[in-house]
Amino acid sequence: MTDKMRMNGAQDTVGVGTIPIVIEQTSRGERAYDIYSRLLKERVVFCVGQVEDYMANLLVAQLLFLESENPDKDIHFYINSPGGSVTAGLSIYDTMQFIKPDVSTMVIGQAASMGALLLSGGAKGKRYALPHSRTMIHQPLGGFQGQASDIEIHAREILLIRERLNDILVRHTGQPLERIQADTDRDFFMGAEESVEYGLVDQVLSHRGAAAGGGK
Numbered sequence: 088m089t090d091k092m093r094m095n096g097a098q099d100t101v102g103v104g105t106i107p108i109v110i111e112q113t114s115r116g117e118r119a120y121d122i123y124s125r126l127l128k129e130r131v132v133f134c135v136g137q138v139e140d141y142m143a144n145l146l147v148a149q150l151l152f153l154e155s156e157n158p159d160k161d162i163h164f165y166i167n168s169p170g171g172s173v174t175a176g177l178s179i180y181d182t183m184q185f186i187k188p189d190v191s192t193m194v195i196g197q198a199a200s201m202g203a204l205l206l207s208g209g210a211k212g213k214r215y216a217l218p219h220s221r222t223m224i225h226q227p228l229g230g231f232q233g234q235a236s237d238i239e240i241h242a243r244e245i246l247l248i249r250e251r252l253n254d255i256l257v258r259h260t261g262q263p264l265e266r267i268q269a270d271t272d273r274d275f276f277m278g279a280e281e282s283v284e285y286g287l288v289d290q291v292l293s294h295r296g297a298a299a300g301g302g303k
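Each number in our numbering comes from the position in the sequence shown (counting from 1) with 87 added on.
And the structure:
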């Protein structure tokens, strides 16, 4: 297989709009991939846009597939997300921790709410931010209507979820629980360097090859 490729055509995909098609020249002729499938071959996956169940299922499937392909080689996880569903996000997070390969995370644009939690959950020493990226952490949001007893049940669930999310951030950032509780009480925004200081990421990368940890 040669590494000669060209861009060709476009394809509509839900959530990310028009996607270029890559035509790869091989010894057997041409083979077409959408750009994300081609990058998946290089062990690159994306969390782009709102975190929800359909996206989470696709990401979990990609992570499990890449583990089956090579359990000893890093997976590179790019995040540009405002956050979204807690349960969907935690399904991705749990899979990241479950699989054998290290998952190297990088924020491009923004990693807010569940996006920030996923960013922090990458392999220690392999969590990165681009220079102008932003992160944001906060408490889980909830708005419920109905009988008082139902509202009370949902309120208890929100408090339990908040406790679990705070524990995850404590584990991955090294910050004390009291600070995490205070900072997540309202939207808490950080730039790339601030995210390093806070412990959400390990390094700001301005160009490829600058990573201190390297990859497998």
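A virtual CB, placed ideally from N, CA and C, is assigned to each residue, including glycine.
>> Once DSSP output is grouped into helix, strand and coil, what is the label at T89?
In response: Model confidence at T89 stands at a pLDDT of 42, short of 50, so the residue's coordinates are unreliable and nothing is read from them.
>> For R214 and R249, what's the separation of their Cα atoms in angstroms?
In response: 23 angstroms
>> Does chain B have any CB closer than 8 angstroms to the CB of R266?
In response: Structure shown: chain B not included; a single protein chain is present.
> Comparing alpha-carbon positions, which option in A119, L127, I179, L217 lies nearest D289?
Replying inline: L217
>> Does D121 come out as helix, strand or coil in the three-state DSSP assignment?
In response: strand
>> Please report the straight-line C-alpha distance between D140 and A175, rounded to a whole angstrom.
In response: 5 angstroms
>> Whole angstroms are fine: how far does the CA of D270 sit from the CA of S155?
In response: 38 angstroms
> Closest by CA to L204, which one among H241, E239, T105, V138?
Replying inline: V138
>> Rounded to the nearest angstrom, what separates D272 and I108 at their Cα positions?
In response: 44 angstroms
> Q184: buried (16+ other C-beta within 10 angstroms of its C-beta) or exposed?
Replying inline: exposed
> Which class does S293 belong to by DSSP, given the choice of helix, strand or coil?
Replying inline: coil
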